[in-house]
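Peer 1: Just so we're aligned, residue 156 is where the sequence shown starts under my numbering, counting upward by one. Don't be surprised by glycine CBs; every beta carbon is placed ideally from N, CA and C.
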Amino acid sequence: MLIQDGIEVTDDAVWTWAQIPDGSTELMEDGELEAATWATAAAMHTLLPVDAEYHVKIMWARYSPEDYRDSWTSMPGVRAPGADYYIELGAHRIARNSEGGHFRRRVVLLGVRWPTRDTSSPWERRRQAIAAQLRSRAAMLRDAHGRVDELAPAVRRWFSQVRDSPLRGVPAPAATIAWAYARELRRTADLAPVGQDELSGAQLVSLMHGDVTPSPDGRYVTTRDASTGATRHVAVLVPAVNGFPADELEIPGGEWLALLTELIDVEASVRGVNHGRTGSLALLRAGRKWTRSQSLEAGEAGTVPPEEIDEAELALAERDREVRRRVDVLVTSHPRWVVHAGTVEELTDRVEALRRRYTGIVALELAPNIQDLLWKELLPGDWVRVPEFGQVQPMRTLAGSWFHGGSAVGDTSGPYIGGNLGATPGPVRLHLVSRTADDRRMPTTMSFTGRSGSGKSTAVMLTVLAALAEGAWCLLADPKGDLAGIVEVADRILGVPVQVVDVTAPEAAGSMDPMRWAPTADEARALTLDALLGVLSGEDRRGTEAVLEAAIDRVLARPRKMWSATAVIGDLVATSGDSPAAQAARTLGETLSVRSRQSDVRAVLGAPTADAAPMLSGRGLVYLRLDGLGLPQPGSVAEQWTVPQRCAMTTFRVSTAYALMQSRHVRELIKLVALTELHRITAYPEGRALVQWLARTGRALKTYLLLDSQSAVELAAIEGLVEQLVMSAAFEALGREEQQAQAVLLHRPDAGPRLRQAQGMLGPGECVMRDRHNRLGLVAFDRLTEWIADTLSTDAAEDSADLYAYDTEPVDAAPRDHSEDGTAADTTTPDEPRARDVVDVRQRTDRQEEVR
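Below, the structure written as structure tokens:
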């Protein structure tokens, strides 16, 4: 035997093997599923050569944390200082859920016995078989390579067709083919070799070191790993005669193989032959000839033909019309359901559970005394040894089984963010900031919608952490003030620079001063002028623009470290002379000096403390708390705003300007802007302009945008936004209008019963996610550890006797001590036991962490 990527060479045949990735069919509506079934059936007409044998194998394997770790090494770019620890947390969660059976990787192989033109007579074939036994191993290997080389052009064309078909198959790695063969002998070990594109000889002998023994009662076989002595009991079930109710399983097909995800340790193997158009018509003629003969015999006997005969004649006539119109063809399939367990009692229970689950779908039987023959059929490269249970079916019944159907969603690389709750039970990876050739052409905006308490804000923070791990600059705007936990997590887990800007806090004075963070003098001039004018009333602004511009220019003429809005105000106050212009300048400066002490604007115009840092422009997290701003009512007239409202709006405008400015500069840097409670931001023209501009230009500027809103209706109504969404996460929504708006954001404007049912049954932290490939799946975000879950929690703390009804501290109490980068000083330092607790001890998980 010789195994290469996509090819298996046996003594008498050459098989090509394609690996079929999981599909995303679980949330398809009936009309979509029907169309997809017909498309798959049409593709299989072409992919399965006429009269050639095919073999579909559906198996389960564990997800490997090593694969997750290794995938990060192939991702280019800069990482956070603590990225390795963050990666290890994800690997630990994948390993734990895999060991618990929550994560299972489905492996689907489609094999075709390649047709050969052997014109040898029976006598010549016998002579060749005898001569082959006398040949050396090296000669046999050369012969195998020769057979592969002969078929290589045709095989390459076939794999190209598989890749471009709805199956999207790729050549199965040699290691996967060998694993599929060896695991039938040794089901107790992880056997897949790594990094080899050809296996033969001693490698295969070592890999397949096991044996199989039929049970005394003939109802199962026992496999034994010769290396370890571990055993596993295997039972193979077959469909009963007329076990497939053809009418019910035609369209969409019953999904009778997609059901395997609901069962533990149940796999499938389907061998068969595609009869093609000519062969199908011959079978139908034979079938109709038999039904007519039965009807004639009944008429000659003076009896009425059985009802089943009439139904069969009608069904055969319909099939005949379909084949003649080239709508479908017939196949003879030999499906086998494979159940394995560690004990006989457990095997019996699983067999009964399998039969119960298929009640009303396919009648299954456990055929005794031939289990060893049925087991041999499971081996790649073998053949049908028990043809008595064959089923003649339309191709669409095989395609409609959805042997590769499921709920695949997410990316194949990037950070682990949660688990798949659907028919593809595995880890979900979200690589929003991917810069591959295909992904960089896509939009860069992702939406998070759902009712309050559904977990969407926590999901936003987890997505921000994933971007920070890849060395991004991230701005998280928090209009509600309940997301402060991300500061501690980003600092302790990832070790990235973190800047906390509570815009109304005294210690934030001057941190948002445009003079301090604007990259150029021109931009500093424009932004500072807007900020100073913004805090003035209409009467105060009259005739002051030129005076302000002159003062700003004088400050900009100084060294860069002396630039500040406070310096501009001081320059106005220090204006000398008794002229009306000088007195007006001093009056303007005194007015601005008073305004700069307003809590709603001192972050922009206030005098910075000695250790106050300007807004962060490099890698790291900027946490912008906007909850204290007393913004005016949306739509109100600016001339009627109070002084605090004008100051609050000025700070809000500077915040949006900072996000826009940072997104335009340093284009090589990955940048992410997360806007939570979006309805409070887009209520104002500046907020809507920010969202629309970043959504449209993010791809070109390498800036990613996260939008979090309780109102999917308002989000979907933003002009041009739906087209700019690369992904969307729809959390729990109960109202019909909200569910319909979520469907629009999921690019499913005509939401059907399946999607609406999923939207109403979601728990906290669970969502319907649309990925960049327009696939839908049910996802539960994983908070990785209990400590992270507690820290990121947005729930208010419980009341206690230690809390006072009123604050007893004086109004002018000293501000909290802060670190140099603007973050609140932490008096505790995580020691090694605490760090280990994050991975090991603190692992009591809830419904989202123990993903079903």
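Below 8 Å, how does it come out for the stretch 512–524 and the stretch 383–395: are there three or more Cβ pairs, yes or no?
Peer 2: The stretch 512–524 is in contact with the stretch 383–395.
Peer 1: Does the Cβ of Ala740 have 16 or more other Cβ atoms within 10 Å, making it buried, or fewer, making it exposed?
Peer 2: Looking up residue 740 in the sequence shown gives position 585. Burial call: buried.
Peer 1: By the 10 Å Cβ neighbour count, where 16 or more other Cβ atoms means buried, how is Glu403 classified, buried or exposed?
Peer 2: On the sequence shown, residue 403 is found 248 positions in, with the first residue counted as 1. For Glu403, the pLDDT reaches just 48, beneath the cut-off of 50, and the residue's location in the model is therefore unreliable, although a value from the coordinates is still provided. Flag for Glu403 reads exposed.
Peer 1: What is the DSSP secondary structure of Phe936, reduced to helix, strand or coil?
Peer 2: Start at 1 with the first residue of the sequence shown, and residue 936 comes out as number 781. Strand at Phe936.
Peer 1: As a quick exercise: from Ala701, Gly775 and Ala722, pick the residue whose alpha carbon is nearest that of Ser751.
Peer 2: Taking the first residue of the sequence shown as position 1, residue 751 is located at position 596. Per the Cα distances, Ala722.
Peer 1: Compute the Euclidean distance between the alpha carbons of Val828 and Asp633, then round it to the nearest angstrom.
Peer 2: For this step, residue 828 is matched to residue 673 along the sequence shown. For this step, residue 633 is matched to residue 478 along the sequence shown. Each residue's Cα considered, the two are about 11 Å apart.
Peer 1: Taking all protein chains shown into account, decide if Ser791 is buried (16 or more other Cβ within 10 angstroms of its Cβ) or exposed.
Peer 2: Translated into positions along the sequence shown, residue 791 becomes position 636. Ser791 comes out exposed.
Peer 1: So, does the stretch 872–888 touch the stretch 605–618, judging by three or more C-beta pairs under 8 Å?
Peer 2: With a cut-off of 8 Å, the stretch 605–618 and the stretch 872–888 count as touching, because enough Cβ pairs lie within range.
Peer 1: In terms of residue numbering, what span does the beta strand (DSSP E) encompassing Val376 cover?
Peer 2: Position 221 of the sequence shown, counted from the first residue, corresponds to residue 376. First-last of the beta strand (DSSP E) with Val376: Val376 to Asp380.
Peer 1: Is Leu917 closer than 8 Å to Thr599 when the C-beta atoms are compared?
Peer 2: Taking the sequence shown and counting its residues from 1, one reaches residue 599 at position 444. Taking the sequence shown and counting its residues from 1, one reaches residue 917 at position 762. Cβ distance not < 8 Å, so Thr599 and Leu917 don't count as in contact.
Peer 1: Give, in chain order, every unbroken run of the alpha helix (DSSP H) that is at least 4 residues long and sits entirely within the stretch 491–564.
Peer 2: Counting whole runs of 4 or more residues, the stretch 491–564 contains the alpha helix (DSSP H) stretches 499–512, 526–532 and 550–554.
Peer 1: Assuming Leu264 contacts Trp334 (C-beta within less than 8 Å), just tell me the rounded distance between them.
Peer 2: As a first step, residue 264 must be located in the sequence shown, where it is residue number 109. As a first step, residue 334 must be located in the sequence shown, where it is residue number 179. That belief does not hold up - the Cβ atoms of Leu264 and Trp334 are roughly 10 Å apart, past 8 Å.
Peer 1: Nearest to Asp167 by CA position, among Trp269, Val749 and Asp646, is which residue?
Peer 2: Within the sequence shown, the letter at position 12 stands for residue 167. Of Trp269, Val749 and Asp646, the residue nearest in Cα terms is Trp269.
Peer 1: So, using beta-carbon positions, are Thr487 and Val428 closer together than 8 Å?
Peer 2: Your numbering for residue 487 matches position 332 in the sequence shown. Your numbering for residue 428 matches position 273 in the sequence shown. Contact flag set, yes.
Peer 1: Under DSSP, the alpha helix (DSSP H) around Leu760 begins and ends at which residues?
Peer 2: As a working mapping, residue 760 is identified with position 605 in the sequence shown. First-last of the alpha helix (DSSP H) with Leu760: Arg757 to Leu760.
Peer 1: Quick one: what's got a C-beta closer than 7 Å to Leu126's C-beta in the same chain, skipping five residues either side?
Peer 2: Outside the displayed span of the chain (156 to 1007) sits residue 126, for which this structure offers no information.
Peer 1: Can you tell me whether Ala235 is buried or exposed, with buried defined as 16 or more other CB within 10 angstroms of its CB?
Peer 2: Mapped onto the sequence shown, residue 235 falls at position 80. Ala235 is buried by the Cβ-count criterion.
Peer 1: Looking at the structure shown, is Gln654 part of a helix, part of a strand, or coil, going by DSSP?
Peer 2: Taking the sequence shown and counting its residues from 1, one reaches residue 654 at position 499. Gln654 falls in the strand class under three-state DSSP.
Peer 1: Whole angstroms are fine: how far does the CA of Gln879 sit from the CA of Phe129?
Peer 2: Residue 129 is absent from the model: the chain starts at 156 and stops at 1007.
Peer 1: Can you name, in chain order, every residue of its own chain whose Cβ lies under 7 Å from the Cβ of Ala871, other than the five neighbours on each side?
Peer 2: Locating residue 871 in the sequence shown gives position 716, where the first residue counts as 1. So the list reads Val877, Ala896, Val899 and Leu900, once near-sequence residues are dropped.
Peer 1: Quick one: using the 10 Å Cβ neighbour count with 16 as the cut-off for buried, is His200 buried or exposed?
Peer 2: Taking the first residue of the sequence shown as 1, we reach residue 200 at position 45. It counts as buried.
Peer 1: What runs of the alpha helix (DSSP H), each 4 residues or longer, lie entirely inside the stretch 791–819?
Peer 2: Correct list: 798–819.
Peer 1: Out of curiosity, what's the CA-to-CA distance linking Val583 and Leu771?
Peer 2: Taking the sequence shown and counting its residues from 1, one reaches residue 583 at position 428. Taking the sequence shown and counting its residues from 1, one reaches residue 771 at position 616. The straight-line gap from Cα to Cα measures roughly 31 Å.
Peer 1: Only counting the same chain, and skipping five residues up and downstream in sequence, which positions put a Cβ closer than 6 Å to that of Val310?
Peer 2: Against the sequence shown, residue 310 aligns to sequence position 155. For Val310, where only same-chain residues beyond five positions count, the Cβ hits under 6 Å are Thr171.
Peer 1: How big is the Cα-Cα spacing for Arg297 and Thr433?
Peer 2: The residue given as residue 297 occupies position 142 in the sequence shown. The residue given as residue 433 occupies position 278 in the sequence shown. Cα to Cα, the separation comes out at about 38 Å.
Peer 1: Please classify Pro652: is it buried, with 16 or more other beta-carbons within 10 angstroms of its beta-carbon, or exposed?
Peer 2: For the purposes of this step, residue 652 is taken as the residue at position 497 of the sequence shown. It is buried - the Cβ of Pro652 has at least 16 other Cβ atoms within 10 Å.
Peer 1: List the endpoints of the continuous beta strand (DSSP E) containing Tyr209.
Peer 2: Sequence index remark: in the sequence shown, residue 209 carries index 54 (1-based). Looking at the DSSP string, the run of the beta strand (DSSP E) that includes Tyr209 is Glu208 to Ala216.
Peer 1: Could you give the distance in angstroms between the alpha-carbon of Glu187 and the alpha-carbon of Thr858?
Peer 2: In the sequence shown, counting from the first residue as 1, residue 187 sits at position 32. In the sequence shown, counting from the first residue as 1, residue 858 sits at position 703. So the two alpha carbons sit approximately 34 Å from each other.
Peer 1: Beta carbon of Tyr778, beta carbon of Val642: below 8 Å?
Peer 2: As a position in the sequence shown, residue 778 is number 623, starting the count at 1. As a position in the sequence shown, residue 642 is number 487, starting the count at 1. Contact flag set, yes.
Peer 1: Could you tell me the distance, in whole angstroms, from the CA atom of Asp962 to the CA atom of Thr831?
Peer 2: Here the question's residue 962 lines up with position 807 in the sequence shown. Here the question's residue 831 lines up with position 676 in the sequence shown. A caution first: Asp962 carries a pLDDT of 45, below 50, which makes its placement in the model unreliable, though a value can still be read off. Distance between the alpha carbons of Asp962 and Thr831 is about 29 Å.
Peer 1: Could you work out which residue in Glu473, Ala706 and Arg342 is closest to His364 when comparing CA atoms only?
Peer 2: Counting from 1 along the sequence shown, the entry for residue 364 is found at position 209. Ranking the options by Cα distance to His364, first place goes to Arg342.
Peer 1: In chain order, what residues of the same chain have a beta carbon less than 6 Å from the beta carbon of Arg843, not counting five sequence neighbours either side?
Peer 2: The residue labelled residue 843 in the question sits at position 688 within the sequence shown. These residues qualify, in order along the chain: Thr837.
Peer 1: How should Ser315 be labelled, buried or exposed, when 16 other C-beta atoms within 10 angstroms of its C-beta is the threshold for buried?
Peer 2: Counting from 1 along the sequence shown, the entry for residue 315 is found at position 160. Looking at its Cβ environment, which holds fewer than 16 other Cβ atoms inside 10 Å, Ser315 is exposed.
Peer 1: Between which residues of its own chain and Thr984 is the CB-CB distance below 8 Å, once the five residues before and five after are set aside?
Peer 2: For the purposes of this step, residue 984 is identified with residue 829 of the sequence shown, where counting begins at 1. With a pLDDT of 35 at Thr984, under the threshold of 50, the modelled position of this residue cannot be trusted; read the value that follows with caution. Hits under 8 Å: none found.
Peer 1: Within the continuous alpha helix (DSSP H) that includes His200, where are the two ends?
Peer 2: Within the sequence shown, residue 200 is the residue found at index 45, counting from 1. Looking at the DSSP string, the run of the alpha helix (DSSP H) that includes His200 is Asp185 to Leu202.
Peer 1: If you count every other CB in all the chains shown that lies within 10 Å of the CB of His489, and 16 or more means buried, which is it?
Peer 2: The residue labelled residue 489 in the question sits at position 334 within the sequence shown. Result: buried.
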